[in-house]
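What follows is one structure encoded as C-alpha cells, with my remarks underneath.
Numbering (our numbering), first residue to last: 48 to 139.
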C-alpha cells in the first residue's frame, strides 16, 4: 500500500527588538516617509513542519512595520551614524 504524506516546508523568521533605547525608536523611513523604523535582530530558518532546521540569515536590520522596508546594519557604529543623519532630517 502506498501512503502519500506531504512534506510541509518553508521559511520561518523571528524578529526581536535590538534594544530598548528610546532614541532608536521612530527613525525616518526612506520608502514610506514615516518616522516608524526601528532596529531589530532578525533570524530566518528553513523549516520543516514549522520546526526551524537550518539558519539562513542571522543579523541586525532596520525595519519599518508600515511598508516592510528593511536595511541591514552590522554594528552599533553604523546605527549611531544613521541616528546622527536622522537628527538632520528631523531639524529640517
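We put the beta carbon where it would ideally sit given N, CA and C, even for glycine.
The continuous beta strand (DSSP E) containing residue 92 extends over residues 82–95. Residue 59 is not a Cβ neighbour of residue 73, given a cutoff of 8 Å.
Per DSSP, residue 65 has no beta-bridge partner at all. Residue 77: not part of any beta strand (DSSP E); DSSP gives it neither H nor E.
In terms of CA proximity to residue 90, 119 leads the group 119, 114, 75 and 113. The way I'd put it, the segment 95–110 does touch the segment 119–133; three or more beta-carbon pairs between them come closer than 8 Å.
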